[in-house]
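**Q**
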Amino acid sequence: MRRRAERRIVERHIMQGMSDMEILRVMRNGITIERIRNIRSRCSGPGDASTPRDRSHGG
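full-length UniProt numbering puts the first residue of the sequence shown at 1, with every later residue one more than the last.
1. Report yes if the CB atom of Leu-24 is closer than 8 Å to the CB atom of Ile-33, and no otherwise.
2. Expressed to the nearest angstrom, what Euclidean distance is found between the alpha-carbon atoms of Arg-40 and Glu-11?
3. Alpha helix (DSSP H) containing Ile-31: first to last residue?
4. Suppose the cutoff is 6 Å on Cβ atoms and the five residues either side in sequence are ignored; what does the same chain contact list for Arg-7 look like?
This is the structure we're talking about:
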């Protein structure tokens, strides 16, 4: 149950263009980079190109 909510949160962060380290910083409850990469590879499909990547670049 909790893991599914975690994935949904991570997907939202990925949609906003957050990097792996940023997501790790936001979710300090033991999520791993492998899991982020897994979710990212799963949800980077249609619509991924339409998201502005340079928003995370501003800092």
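All residues carry an ideal CB built from backbone N, CA and C; glycine is no exception.
**A** Walking through what the data contain:
1. Looking up residue 24 in the sequence shown gives position 24. Looking up residue 33 in the sequence shown gives position 33. Contact flag set, yes.
2. In the sequence shown, the residue the question calls residue 40 occupies position 40. In the sequence shown, the residue the question calls residue 11 occupies position 11. One Cα belongs to Arg-40, the other to Glu-11, and the distance between them is close to 7 Å.
3. Indexing the sequence shown from 1 puts residue 31 at position 31. Unbroken run through Ile-31: none, as it is neither H nor E.
4. Translated into the one-based positions of the sequence shown, residue 7 becomes position 7. Ile-39.
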